[in-house]
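Participant: This is the structure I have questions about; it appears just below.
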Amino acid sequence: MGIITSYFGRELERDDDPDPKTGLTSRDISVLKTTWKRITERGGTLEIGIAIFTNLFEKHPEYQQLFPFKNLRREELKTSNKFRAHCISVMYALTCIVENVSEPLILEQLLIKQSTSHVLRNVPDQAYWDIKTVILSIVASSMNPSEVFVWEKFLKFAFRIMVATAEETRNN
Numbered sequence: 001m002g003i004i005t006s007y008f009g010r011e012l013e014r015d016d017d018p019d020p021k022t023g024l025t026s027r028d029i030s031v032l033k034t035t036w037k038r039i040t041e042r043g044g045t046l047e048i049g050i051a052i053f054t055n056l057f058e059k060h061p062e063y064q065q066l067f068p069f070k071n072l073r074r075e076e077l078k079t080s081n082k083f084r085a086h087c088i089s090v091m092y093a094l095t096c097i098v099e100n101v102s103e104p105l106i107l108e109q110l111l112i113k114q115s116t117s118h119v120l121r122n123v124p125d126q127a128y129w130d131i132k133t134v135i136l137s138i139v140a141s142s143m144n145p146s147e148v149f150v151w152e153k154f155l156k157f158a159f160r161i162m163v164a165t166a167e168e169t170r171n172n
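If you're matching positions, the sequence shown starts at 1 in UniProt numbering and goes up one per residue.
This is the structure:
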């Protein structure tokens, strides 16, 4: 009986009510952190960043014009230090965002900061949604359907904040 009580006692302490700001449960947060760690350890942070941007530019070549490496051919990107530095910078930002997913107010500020810096570079709102799709397709390749569902929920939240911030920043 003690084992059953201990097991259920731990489960009762767990808070799986969605956070009012993010909509994420404690289980969702655990999935995000665990899968991100698994993905970055398995795929390598730089390599995943390169995959995100090469996929984005293949699907939406117009976005490459927003970057300092806009004049490079696609085959030159992977060896460009500017491109590689941008990829790793984005991956560090994503890692920071995932690590702070359990702190909604900090998370929101991190997303606002990212969005504000991209408004200065004239990034169109649709680009946020397009890169969300690319990120999800890359991370989903090493996840089960329930993990993909959590990532979809998280990325929708994150990019809604970023797009709203971008619109507000441009309108002020």
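Heads up, the beta-carbon is just placed ideally off N, CA and C, and yes, glycines get one too.
In whole angstroms, what separates the C-alpha of R170 from that of R73?
Facilitator: Answer to the nearest angstrom: the Cα atoms are 31 Å apart.
Participant: If I131 sits next to M91, beta carbons under 8 Å apart, how far is it from one beta carbon to the other, in whole angstroms?
Facilitator: With a Cβ gap of about 13 Å, I131 and M91 do not count as contacting.
Participant: Across the region 26-40 and the region 139-151, are there enough close Cβ pairs to call them in contact, namely three or more that are closer than 8 Å?
Facilitator: Contact holds: three or more Cβ-Cβ distances are below 8 Å.
Participant: Quick check on M162: buried or exposed, where buried means 16 or more other Cβ atoms within 10 Å of its Cβ?
Facilitator: Buried, by the Cβ-count rule.
Participant: Our contact map puts residue 179 next to I88 with C-beta atoms below 8 Å; I'd like the distance itself, whole angstroms only.
Facilitator: The structure shown does not extend to residue 179, since the chain spans only 1 to 172, so no value can be given for it.
Participant: Between the region 108-127 and the region 73-83, can you find at least three pairs of beta-carbon atoms closer than 8 Å?
Facilitator: Verdict: no, contact absent.
Participant: Could you have a look at R73 and say whether DSSP puts it in helix, strand or coil?
Facilitator: If DSSP states are grouped into helix, strand and coil, R73 belongs with coil.
Participant: Start and end of the alpha helix (DSSP H) containing S26?
Facilitator: Element bounds for S26: 26-43.
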